[in-house]
Amino acid sequence: MAGKQPSARPLSPHLQVYKWAPSMAVSIFHRITGDGLAIVGALMFLWWLGAIAAGPDAYAAFLACVWHDPSPEVSVVHQVTNILGKVVLVGLTWAFFQHLFSGLRHFVLDAGAGYELKINKLWSILVFAGAIFATAAVWLYIAKEALHG
Amino acid sequence: MGNGTRLGRVRGLGSSHHGSQHWLQQRLTALGNILLVTWFFVSLIRLPLGDHGAVQRWASNPTVALALILLVISVFWHFRLGLQVMIEDYVHGEATRLLALVILNFYAIGGAAFGIFAIVRIALAPAGLAPGGM
């Protein structure tokens, strides 16, 4: 309930004043990935569930839009959404791991541990590295299965 | 609980009177999410997702359907709390903030209801309608 009237009281320093640090990046990425999962991830999940419930034809239409359209003459819309779908799915995978690892970091911080500057910085960097590594591992596995399966 | 000085107001449960409840629910649903979403993620990778019949047979297993319903509750509750904090941080002005929170509640509750109803439809669908049967 912040009022619009200017106050004589000192303002707290804001983002641009601080030297950028990994812990700040982890914090804002926790929010960005959480919001992305909540909106894009949840809607994809509901679309998928609804398509399974609606039957084979609806499920085939879902796959043709998001993943791969098997028809010989693929429409321009599906050519775009087939690429977009994979980009979104890779993005959601990364967002999932980033939010998961960052969330685990939050549990450690909630317990009162990990506030020492070097440890805090180390864990922040590891969250980013772990999320990128896990995303790459998952999609290399999916690509391998797609080629050999 | 005081209602005069600023310190007195904070000594309650914060200005909203349920800040600690919000904080705790965010953590409890986070624990649920770690278990349920990790299980779901591994399931998705192992499932033949291109095969509607196989996916439907998996989702109509009672244990799987129950876990999926729990996942919807835990995840949608968790992100309702998370998006609420984002709105409170970034949407200023009482009317627009109230509108944003109303839309958020419609989205979270409506989405969860849609998801749970879809899971029940899959789980209770007559076996004869599934391609290849059960």
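Chain order of the listed sequences is A and B. The opening residue of the first sequence carries number 65 in this note's numbering; numbering runs sequentially from there. The opening residue of the second sequence carries number 974 in this note's numbering; numbering runs sequentially from there. Even glycine gets a Cβ: it sits at the ideal position worked out from N, Cα and C.
Residue i to residue j span [Cα, whole Å]
| i | j | result |
| --- | --- | --- |
| Arg1000/B | Ser1047/B | 11 Å |
| Val130/A | Leu1056/B | 26 Å |
| Leu181/A | Ala115/A | 48 Å |
| Ala1086/B | Ile206/A | 31 Å |
| Leu1077/B | Arg1053/B | 7 Å |
| Pro1035/B | Leu113/A | 16 Å |
| His1121/B | Gly194/A | The displayed coordinates of chain B run from 974 to 1107. Any statement about residue 1121/B would go beyond what the structure contains. |
| Leu1044/B | Asn1006/B | 7 Å |
| Val141/A | Val1075/B | 34 Å |
| Leu1008/B | Ala210/A | 27 Å |
| Thr145/A | Glu137/A | 15 Å |
| Ile96/A | Met1059/B | 10 Å |
| Ile183/A | Ser135/A | 54 Å |
| Lys208/A | Ala89/A | 32 Å |
| Asp174/A | Trp996/B | 11 Å |
| Ser91/A | Asp121/A | 42 Å |
| Gly992/B | Glu1061/B | 12 Å |
| Ser76/A | Tyr82/A | 11 Å |
| Gly1066/B | Leu79/A | 22 Å |
| Gly119/A | Pro86/A | 46 Å |
| Ser71/A | Val191/A | 39 Å |
| Gly1088/B | Pro74/A | 48 Å |
| Val151/A | Phe109/A | 16 Å |
Per-residue burial, residue i [other beta carbons within 10 Å of its own, 16 or more giving buried]
| i | result |
| --- | --- |
| Ser27/A | Residue 27/A is absent from the model: chain A starts at 65 and stops at 213. |
| Phe31/A | Nothing can be reported for residue 31/A, as the shown portion of chain A is limited to 65 through 213. |
| Leu1004/B | exposed |
| Arg169/A | buried |
| Tyr123/A | buried |
| Leu204/A | exposed |
| His1051/B | buried |
| Gln143/A | exposed |
| Val1015/B | exposed |
| Leu107/A | exposed |
| Leu186/A | exposed |
| Val1010/B | buried |
| Leu101/A | buried |
| Gly176/A | exposed |
| Gly98/A | buried |
| His212/A | exposed |
Contacting residues, own chain, Cβ-Cβ under 8 Å from residue i (five flanking each side not counted)
| i | result |
| --- | --- |
| Ala1032/B | Ala1038, Leu1041, Ile1092, Ile1095 and Ala1096 |
| His94/A | Gln162, His163, Ser166, Gly167 and His170 |
| Phe126/A | Trp111, Trp112 and Ala115 |
| Leu1020/B | Ala1027, Val1028 and Trp1031 |
| Thr1002/B | Ser1047, Val1048, Trp1050, His1051 and Leu1054 |
Cut-off 6 Å between Cβ atoms - residues of its own chain near residue i, not counting five sequence neighbours on either side
| i | result |
| --- | --- |
| Val1064/B | Arg1070 and Ala1073 |
| Thr157/A | Thr199 and Val202 |
| Gly105/A | Leu156 |
| Ala117/A | none |
CB contact check: residue i to chain A, cutoff 8 Å
| i | result |
| --- | --- |
| Gln994/B | no |
| Ala1086/B | no |
| Gln1029/B | yes |
| Leu1009/B | no |
| Glu1020/B | Before going further, note that residue 1020/B is Leu rather than Glu in the sequence given. Leu1020/B does not count as touching chain A. |
| Gly1105/B | Note on Gly1105/B: pLDDT 46, under 50, position unreliable in the model; no value is reported. |
| Gly1005/B | no |
| Met974/B | Confidence in Met974/B is poor, its pLDDT being 47 and thus under 50, which makes the residue's placement too unreliable to answer from. |
| Phe1052/B | yes |
| Leu1039/B | no |
| Ala1014/B | The sequence given here places Phe at residue 1014/B; Ala does not occur at that position. Taking Cβ atoms only, chain A reaches closer than 8 Å to Phe1014/B, which makes this a yes. |
| Ala1068/B | no |
| Leu1056/B | yes |
| Ala1073/B | no |
Residue-level contact to chain B via CB, residue i, 8 Å cutoff
| i | result |
| --- | --- |
| Phe214/A | Nothing about residue 214/A can be reported from this structure: the residues present for chain A run from 65 to 213 only. |
| Asp99/A | yes |
| Asp133/A | no |
| Val202/A | yes |
| Phe160/A | yes |
| Pro120/A | yes |
| Gly149/A | no |
| Leu127/A | yes |
Sequence-distant residues of the same chain with beta carbon closer than 7 Å to residue i, five excluded per side
| i | result |
| --- | --- |
| Ala198/A | Phe161 |
| Phe1049/B | Ala1081, Gly1084 and Ala1085 |
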